[in-house]
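>
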Ligand code: PXG
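Residue numbers (the working numbering): -9 to 455.
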């Protein structure tokens, strides 16, 4: 038990939370009955709750705290900026120093001629901006019929009406009448779950070629853009077969459509390079960024566009923007985060030292009787739980039953992993040390053993027929 700051007793905090706080992606009755876990402090890769329990946060919050918790420099950058200029907008012919400095720094870090950033406060907002950006782009170019955006089933691009429409999460579409008009979804390149007996390389090509077919079906004159995450994150860390992205790039090059890489999770060092597009060898026209941009210390996101896209958008008044587009405090925090990630060599070390070490430990989990495959790219990994390794079978129980049990056992063993259905995913802070990787791996084995025992006891190690 470590020191607990002087807050109310946990039960009182939970009662107030239940009375007044509505939670995202949560069944209210369930959390209110059980009592929310109250996180009070964090440092490095370790979270502390209101009872003093500690957890290794193998999710970096929600895939965002790339720098790790507790860096005072970011707090000081925020305080300095709040004292100097806490707020001003970037509308109506004005700008300010933090937005100038951050957009220039992003231009240096991003590949190619992605040199221009339109700021938002989140990934959802940035993807909403992208819908308007690509449709405006084609309007200005005299091709207003090019409106449809092609996206992927089980992709995740945010939770607003526009971004959730780009996303391919059916449970989200079912609430609130989504998707909005002119969004089309193709299948994801998820070989483990959907590849059956095909060879992964073959499957990757087939899934990429669905884009070409969709362009033909909808008509090139009606398609504005294709959006995808270089590696699907919330969909379960789905690393596509190597054949997938080159084929997607070929198709985007052949037809007149813009390629949007949603780098909200993959960006800022997560996959072993500054951007997932570099890891996957793609040349997007637009990148969505958020999360790791500020390591989650302040809400900020953006759409980074090429010189060509900016030169077209610049010809019109773009009737779009948020009160907090380029918020000076968020920009100052992001700049400080990028400075540290770069100057302390955190992205480089994560890629050259930590990632290979973690990969060794992670790949070994595939030997666990409950694990069907272990995949990892940089510091972003997943394992598939299965009742029958050889056939990659799904469980007979509802999807997510085994995953939830495994997540509970992770918590019980001081480890935070997220479950996506019956896949377990990790995305630890990039600053995780080799010792902490050992701890992560030890706790993952223990949690898997405990989950396996429970699944057997409860008669759940049965394959779906
Ligand atoms: N794009 C991607 C690829 C994301 O992963 C967003 C956009 C939206 O960003 P904002 O900042 O609006 O949340 C995301 C967010 C999960 C989970 O449970 C994942 C996200 C958000 C919340 C939960 O895996 N990703």
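For glycine and all other residues, C-beta sits at the position ideal for the given N, C-alpha and C.
(1) Rounded to a whole number of angstroms, what is the C-alpha to C-alpha distance between residue 76 and residue 294?
(2) Can you check the segment 337 to 409 for any alpha helix (DSSP H) of at least 4 residues that lies completely inside it and give the ranges in chain order?
(3) Whose C-alpha, out of 284, 347, 152 and 373, is nearest the C-alpha of residue 356?
(4) Following the continuous beta strand (DSSP E) through residue 142, name the residue where it begins and the one where it ends.
(5) Taking the alpha carbon of residue 370 as the point to measure from, which residue in 419, 280, 291 and 403 has its own alpha carbon closest?
(6) How many Å lie between residue 4 and residue 38 at the Cα?
(7) Look at the alpha carbon of residue 215 and the alpha carbon of residue 256, and state the distance between them as a whole number of angstroms.
(8) Under a Cβ-count criterion, where at least 16 other Cβ atoms within 10 Å of its own Cβ denotes burial, should residue 45 be classed as buried or exposed?
(9) Which one or two residues does DSSP pair with residue 110 in a beta bridge?
(10) Label residue 366 either buried or exposed according to how many other C-beta atoms from any shown protein chain fall within 10 Å of its C-beta, with 16 as the threshold for buried.
(11) Run the CB neighbour count on residue 443, radius 10 Å, all protein chains shown included, and call it buried at 16 or more, exposed below.
(12) To the nearest angstrom, how far is the alpha carbon of residue 325 from that of residue 337?
(13) Do residue 300 and residue 290 have their beta-carbon atoms positioned less than 8 Å apart in this structure?
(14) Does DSSP classify residue 59 as helix, strand or coil?
(15) Report the option in 427, 450 and 425 whose CA atom is closest to the CA atom of residue 393.
(16) Tell me whether the segment 190 to 199 and the segment 112 to 131 touch, counting them as touching only if at least three CB pairs, one residue from each stretch, are closer than 8 Å.
(17) In chain order, what residues of the same chain have a beta carbon less than 6 Å from the beta carbon of residue 202, not counting five sequence neighbours either side?
(18) When you compare the CB positions of residue 20 and residue 330, do they come within less than 8 Å of one another, or not?
(19) Let me check understanding here. Comparing Cα to Cα, which of 33, 67 and 368 lies closest to residue 259?
(20) Return the bridge partner residues of residue 46 from the DSSP annotation.
(21) Shortest alpha-carbon distance to residue 434 belongs to which of 407, 412 and 217?
(22) Which residue or residues does DSSP assign as beta-bridge partners of residue 216?
(23) What does a CB cutoff of less than 8 Å around residue 440 pick up in its chain, not counting 5 residues either side in sequence?
(24) What I want to know is whether the C-beta of residue 69 ends up closer than 7 Å to one or more non-hydrogen atoms of ligand 1.
By the coordinates alone:
(1) Along the chain shown, one-based indexing puts residue 76 at 86. Along the chain shown, one-based indexing puts residue 294 at 304. Using only the alpha carbons, I get a separation of about 24 Å.
(2) 345 to 354 and 391 to 402
(3) By 1-based counting over the chain shown, the position of residue 356 is 366. Considering only alpha carbons, the answer is 373.
(4) As a first step, residue 142 must be located in the chain shown, where it is residue number 152. Per DSSP, residue 142 belongs to the beta strand (DSSP E) from 138 to 142.
(5) As a working mapping, residue 370 is identified with position 380 in the chain shown. Selected option, being the one with the closest Cα: 419.
(6) For the purposes of this step, residue 4 is taken as residue 14 along the chain shown, with counting starting at 1. For the purposes of this step, residue 38 is taken as residue 48 along the chain shown, with counting starting at 1. Rounded to whole angstroms, residue 4 to residue 38 spans 16 Å at the Cα level.
(7) For the purposes of this step, residue 215 is identified with residue 225 of the chain shown, where counting begins at 1. For the purposes of this step, residue 256 is identified with residue 266 of the chain shown, where counting begins at 1. Near 20 Å, if we compare the C-alpha coordinates of residue 256 and residue 215.
(8) Numbered from its first residue, the chain shown carries residue 45 at position 55. It is buried - the Cβ of residue 45 has at least 16 other Cβ atoms within 10 Å.
(9) Working through the chain shown from its first residue, we reach residue 110 at position 120. Per DSSP, 291.
(10) As a position in the chain shown, residue 366 is number 376, starting the count at 1. With 16 or more other Cβ atoms within 10 Å, it is buried.
(11) One-based indexing of the chain shown puts residue 443 at position 453. Per the 10 Å Cβ criterion, exposed.
(12) Locating residue 325 in the chain shown gives position 335, where the first residue counts as 1. Locating residue 337 in the chain shown gives position 347, where the first residue counts as 1. Straight-line Cα distance between these residues: approximately 15 Å.
(13) Position 300 of the chain shown holds residue 290. Position 310 of the chain shown holds residue 300. In this structure, residue 300 does not lie closer than 8 Å to residue 290 by Cβ.
(14) Against the chain shown, residue 59 aligns to sequence position 69. Note: residue 59 maps to strand in three-state DSSP.
(15) For the purposes of this step, residue 393 is taken as residue 403 along the chain shown, with counting starting at 1. Checked all of 427, 450 and 425; the closest Cα to residue 393 is 450.
(16) no
(17) Here residue 202 refers to the residue found at position 212 when the chain shown is read from its first residue. The answer, listed in chain order, is 241.
(18) For the purposes of this step, residue 20 is identified with residue 30 of the chain shown, where counting begins at 1. For the purposes of this step, residue 330 is identified with residue 340 of the chain shown, where counting begins at 1. Not a contact, by the Cβ cut-off of 8 Å.
(19) On the chain shown, residue 259 is found 269 positions in, with the first residue counted as 1. Cα-wise, what sits closest to residue 259 is 368.
(20) For the purposes of this step, residue 46 is identified with residue 56 of the chain shown, where counting begins at 1. Answer by DSSP bridge pairing, in chain order: 36 and 405.
(21) Along the chain shown, one-based indexing puts residue 434 at 444. Looking at the Cα atoms, 407 is the closest of the given residues.
(22) Position 226 of the chain shown, counting from 1, holds the residue named residue 216. For residue 216, which the question treats as bridged, DSSP gives the partners 140 and 249.
(23) On the chain shown, position 450 is the one that residue 440 refers to. The residues are 399, 402 and 403.
(24) Taking the first residue of the chain shown as 1, we reach residue 69 at position 79. Residue 69 Cβ: outside cutoff for every heavy atom of ligand 1.
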